[in-house]
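Below you'll find the structure, written out as structure tokens, and then a few comments.
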Amino acid sequence: AQTVTQSQPEMSVQEAETVTLSCTYDTSESDYYLFWYKQPPSRQMILVIRQEAYKQQNATENRFSVNFQKAAKSFSLKISDSQLGDAAMYFCAYISTDKLIFGTGTRLQVFP
Amino acid sequence: DGGITQSPKYLFRKEGQNVTLSCEQNLNHDAMYWYRQDPGQGLRLIYYSQIVNDFQKGDIAEGYSVSREKKESFPLTVTSAQKNPTAFYLCASSTRVAGSVFDEQFFGPGTRLTVL
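Written as structure tokens, this is what we have:
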């Protein structure tokens, strides 16, 4: 069965600094997608970044980038130049066919 | 504007009552999903539907029911059989990429259900 593991329940970062959130997953599939979702205090789930497994190039979206290591089944999120608005729960997620499987989340605090 | 709407935002229910949560999308997405989120936890899948008039149980379907009579609508009924229904409920939708592969999910704003 596919699983997604986020081993950091909480992380903190100073404003303008860089932070990396970890995610590992387990699957026997070769074709799949990986996502990072952000859930701010409003509780709206917002897609931060996505990665197709067949692409070797790491995805980037402005200040957000991933380190996708397919052989190691690792998918970490790097947030550069952290801002106060980045404070939220971050969920790593995996999908191969029908169901999106979420990790348990990492709460990110940003200090001024 | 395309998106997913959920109503109501807050819902209160007395014990023993059934209650229905609404989810509508105008994204023309094939699949729709219902998740439950408890405080400090991740999302757990209740039900999902990949096509009209068909749906599948997720990981925690007991005490819930759904219908998918229209592509854009996927209401969730929380029945009196659900022993601990107080939670935050999120609806999502996604489009079919190819075959049985679906793309990223877009989420609605959620409904907070409280049992009194």
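From first to last, the protein sequence lines are chains A and B.
Residues 18 to 129, numbered by my numbering, are exactly what the first sequence covers, in order.
Residues 1040 to 1155, numbered by my numbering, are exactly what the second sequence covers, in order.
We put the CB at the ideal spot given by N, CA and C, even for glycine.
Item	Value
Proximity test, Cβ basis, 7 Å: residue 1143 (chain B) and chain A	yes
Residue 98 (chain A), DSSP secondary structure in three states	coil
Residue(s) in a DSSP beta bridge with residue 1071 (chain B)	B:1088, B:1132
Contacts around residue 1051 (chain B), its chain only, beta-carbon distance under 7 Å, and the 5 residues preceding and following it disregarded	1153, 1155
Residue 113 (chain A) classed as buried or exposed, judged by whether at least 16 other C-beta atoms fall within 10 angstroms	buried
CB contact flag (residue 64 (chain A), residue 1143 (chain B), <7 Å)	yes
Contact list for the region 51 to 78 of chain A against chain B, Cβ threshold 9 Å	52, 54, 56, 59, 60, 61, 62, 63, 64, 67
At least three beta-carbon pairs within less than 8 Å, the region 1122 to 1132 of chain B to the region 1069 to 1087 of chain B	yes
Per-residue DSSP class, three states only, for residue 1093 (chain B)	strand
Beta carbon proximity, residue 1148 (chain B) to chain A, threshold 7 Å	yes
Spatially closest choice to residue 1121 (chain B) from B:1085, B:1094, B:1067, B:1049, by CA coordinates	B:1085
Chain-order list of residues whose beta-carbon lies under 7 Å from that of residue 1044 (chain B) (same chain, five-residue window excluded)	1063, 1147
Residue-chain proximity (residue 1115 (chain B), chain A), Cβ-Cβ < 7 Å	no
N-terminal and C-terminal residue of the beta strand (DSSP E) that residue 40 (chain A) is part of	Neither: residue 40 (chain A) is in no beta strand (DSSP E) and is coded neither H nor E.
Interface flag, residue 119 (chain A) vs chain B, CB-CB below 7 Å	yes
Cα-Cα separation between residue 73 (chain A) and residue 18 (chain A), rounded to whole angstroms	24 Å
Alpha-carbon spacing of residue 1096 (chain B) relative to residue 45 (chain A), whole angstroms	23 Å
Spatial distance of residue 1131 (chain B) from residue 121 (chain A) (CA atoms)	18 Å
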